[in-house]
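Let me begin by presenting the structure, written as structure tokens, before commenting on it.
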Amino acid sequence: MSANYKNKVVVVTGASKGIGAEIARQFGAAGASVVVNYSSSKAGADKVVDAIQAAGGKAVAVQANLAVEADVRKLFAETKKAFGRVDVLVNNAGIYDMQPLENITADSFHNQFNLNVLGLLFASQEAAKLMSDGGSIVNISSIVAVYTPPASAVYSATKAAVNAITSVLAKELGPKKIRVNAVNPGLVETEGTTSLGLVEGDFHKMYEQQAPLGRIGAPGDIAPAVMFLASPDASWVTGETLYVGGGFK
Numbered sequence: 110m111s112a113n114y115k116n117k118v119v120v121v122t123g124a125s126k127g128i129g130a131e132i133a134r135q136f137g138a139a140g141a142s143v144v145v146n147y148s149s150s151k152a153g154a155d156k157v158v159d160a161i162q163a164a165g166g167k168a169v170a171v172q173a174n175l176a177v178e179a180d181v182r183k184l185f186a187e188t189k190k191a192f193g194r195v196d197v198l199v200n201n202a203g204i205y206d207m208q209p210l211e212n213i214t215a216d217s218f219h220n221q222f223n224l225n226v227l228g229l230l231f232a233s234q235e236a237a238k239l240m241s242d243g244g245s246i247v248n249i250s251s252i253v254a255v256y257t258p259p260a261s262a263v264y265s266a267t268k269a270a271v272n273a274i275t276s277v278l279a280k281e282l283g284p285k286k287i288r289v290n291a292v293n294p295g296l297v298e299t300e301g302t303t304s305l306g307l308v309e310g311d312f313h314k315m316y317e318q319q320a321p322l323g324r325i326g327a328p329g330d331i332a333p334a335v336m337f338l339a340s341p342d343a344s345w346v347t348g349e350t351l352y353v354g355g356g357f358k
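According to the working numbering, the sequence shown is numbered sequentially starting from 110.
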């Protein structure tokens with residue numbers, strides 16, 4: 110696999126922790142100039158930037174809430190100011206609020222759709238303007254788009270929407286030589302899944318029992334798949350959803 114992203118500009122949304130932080134670090138290690146987007150954790154984003162720079166890479170942290178259209182425009186204005194263009198966008202920013210049907214509220218619904226779906230669309234819209242000669246958009250979806258566990262009606266719906274959007278945008282942006290793909294992670298140990306109690310207990314055990322590879326994932330399992338889809342090795346791959354979950358179905 111081509112791992113050299115020298116002279117490439119990569120924007121990773123929601124990159125202050127978890128999967129997004131690892132994706133940003135690995136792109137930086139491969140030579141990319143990385144925009145580390147964050148919404149609230151400046152300290153986390155600065156830590157990722159410091160790690161990239163300490164390894165000899167280039168990175169800047171940019172605050173923007175992807176659910177706010179003006180913030181999205183600011184993110185890409187700052188990207189253009191820092192690096193001049195965008196070659197790769199990784200739409201990683203997202204939230205989840207697992208609730209059974211009787212507890213779903215309008216606020217919870219809109220918060221998840223505004224960030225996970227509308228924010229992704231706005232980011233893709235702005236990135237495409239800065240991709241002058243081709244480019245790649247990689248959307249971070251989720252296995253829940255098809256696994257659909259109980260109490261995930263809204264979150265699973267947002268990720269099913271991401272999969273559909275991936276296919277649509279691949280067709281819309283193909284004439285501009287912009288490829289659009291999605292990575293659908295399984296259960297990955299991050300700060301978020303840990304806080305929800307998903308990396309311990311019954312769900313963890315069930316996942317390990319049903320996954321052919323017998324374990325949950327780590328952020329380092331996801332980043333290489335993203336980097337492959339963004340690379341020239343995937344130059345004839347677009348509109349695809351790649352499930353990375355140890356074979357769990």
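C-beta: ideal position from N, C-alpha, C; glycine also.
- Per DSSP, Arg182 is one residue of the alpha helix (DSSP H) stretching across Glu178 to Phe192.
- Collapsing the DSSP output to three states places Thr350 in a strand.
- Its chain contains Met207 and Val253 as the residues whose beta carbon lies nearer than 6 Å to that of Ser261, once the 5 sequence neighbours on both sides are disregarded; these appear in chain order.
- The DSSP-derived three-state label of Ser125 is coil.
- Scanning the stretch 311-350 from its first residue to its last, the whole alpha helix (DSSP H) runs of 4-plus residues come out as 311-319 and 328-339.
- The stretch 127-136 makes contact with the stretch 328-342, as at least three CB pairs between them are under 8 Å.
- In the three-state DSSP reduction, Gly153 falls in the helix class (H, G or I).
- When the beta-carbon positions are compared, Thr350 and Arg288 stay at least 8 Å from each other.
- Listed as beta-bridge partners of Lys167 by DSSP are Ser142.
- Between Tyr114 and the set Met315, Glu131, Asn220 and Gly166, the nearest pair of CA atoms involves Gly166.
- In the structure shown, Ser148 adopts coil according to DSSP, grouped into three states.
- Here Leu296 is buried: its Cβ has 16 or more other Cβ atoms, across all protein chains shown, within 10 Å.
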